[in-house]
Amino acid sequence: MKHPSPYAAPGFYDDALAKGRHRDIVGGRWDETPRIVLPLLTQHGLTETDLLLDIGAGALRLGRHLAPMVADYWATDASRALMLKGWETELDEACRNRLPQDHLIEDATFAYPQIPDTITLALAFAVFTHLPARSLYDALTNLRPRFPNLRRVIFTVFLAPEIHTGPHRQKDGVVTHPDRFPWHMTETQVRQIAETAGFTATAHPHRLPRGQVMFTADPD
136 MKHPSPYAAP
146 GFYDDALAKG
156 RHRDIVGGRW
166 DETPRIVLPL
176 LTQHGLTETD
186 LLLDIGAGAL
196 RLGRHLAPMV
206 ADYWATDASR
216 ALMLKGWETE
226 LDEACRNRLP
236 QDHLIEDATF
246 AYPQIPDTIT
256 LALAFAVFTH
266 LPARSLYDAL
276 TNLRPRFPNL
286 RRVIFTVFLA
296 PEIHTGPHRQ
306 KDGVVTHPDR
316 FPWHMTETQV
326 RQIAETAGFT
336 ATAHPHRLPR
346 GQVMFTADPD
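Structure representation (structure tokens):
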């Protein structure tokens with residue numbers, strides 16, 4: 136059976152966590168990524184009063200910094216075990232006090248179960264680089280009715296030129312694909328998906344790890 140990414144293969148998380156690879160399977164760059172991304176999140180509207188939903192939070196590479204920065208932090212991932220491993224090994228005591236384990240919700244389908252409907256801002260960093268375009272549509276479409284106070288979504292994707300049908304080498308060297316992992320889209324695709332889901336998406340020219348492109352999407 137062909138899976139959309141290696142993460143979807145049976146036993147992937149169990150094997151990686153047993154080997155102590157929780158940092159590796161979220162892409163490594165454990166200190167570099169927060170150093171680059173956190174200032175951009177505040178630049179694009181994250182405030183200390185936000186109720187934040189971190190979609191695809193993984194081992195809390197960003198979450199360990201974000202939880203103390205906002206009024207309330209919730210996280211989802213396809214593997215709750217991965218988030219719990221990050222909680223147990225990467226958070227200091229103060230951060231654990233700000234982030235109870237029941238705020239870590241397993242969710243592989245972007246249904247956002249158990250997340251309070253008061254969320255004001257959502258983040259999906261390095262999520263849709265691992266999944267086909269349909270997943271971006273599902274994630275955005277399901278956000279609208281669930282969270283009436285949502286004012287912005289911040290997410291990243293790999294982009295390819297508009298007239299492009301095959302693999303594409305990103306600025307940092309990774310080769311992405313339109314039909315398999317790691318996945319890319321065109322900017323027009325991203326905008327159309329967002330529009331269909333009820334958002335207006337804007338690309339930003341930041342240099343992100345592995346050549347990802349950051350988008351903000353605001354409800355229409």
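Numbering (my numbering), first residue to last: 136 to 355.
Cβ atoms here follow ideal geometry from the backbone N, Cα and C, with glycine treated the same way.
The structure presented is a predicted model; accordingly, all values stated were derived computationally and were not measured.
Rounded Cβ spacing between R199 and L181 (contact assumed at less than 8 Å): In fact, because the Cβ distance is near 15 Å, the residues do not count as touching under 8 Å.
Endpoints, the beta strand (DSSP E) within which I289 is located: 287 to 292
Where I171 falls: helix, strand or coil (DSSP): helix
For V262, the nearest candidate out of L278, L176, A243, P248 (CA to CA): A243
Other residues of its chain near V309: CB distance less than 7 Å, five sequence neighbours each side excluded: P317, R345, G346
First and last residue of the uninterrupted alpha helix (DSSP H) at H200: 198 to 201
Reference P169; option with closest CA among R196, T224, D189: R196
T351 beta carbon less than 8 Å from that of T331: no
Chain-order list of residues whose beta-carbon lies under 7 Å from that of A268 (same chain, five-residue window excluded): M320, Q324, I328
Status (buried if at least 16 other CB within 10 Å, exposed otherwise) for H299: exposed
Buried versus exposed, by CB contacts within 10 Å (16 or more), G191: buried
R231 in three-state terms, based on DSSP: helix
Residue of R286, F290, E297, A213 minimising C-alpha distance to Y272: F290
Rounded separation between L173 and E167 - CA only: 10 Å
Start and end residues, beta strand (DSSP E) containing A257: 256 to 259
Per-residue burial, A206 [other beta carbons within 10 Å of its own, 16 or more giving buried]: exposed
Whole-angstrom distance between R164 and F282, CA atom to CA atom: 31 Å
K220 burial status per 10 Å Cβ neighbour count (16 or more: buried): buried
Whole beta strand (DSSP E) elements within the segment 278 to 336, 3-residue minimum: 287 to 292
Buried versus exposed call for G301 [16 or more other C-beta atoms within 10 Å across all chains shown]: exposed
Burial state of T255, where buried means 16 or more other Cβ atoms lie within 10 Å: buried
Residue nearest to D307 in terms of C-alpha spacing, selected from A246, R342, F334: R342
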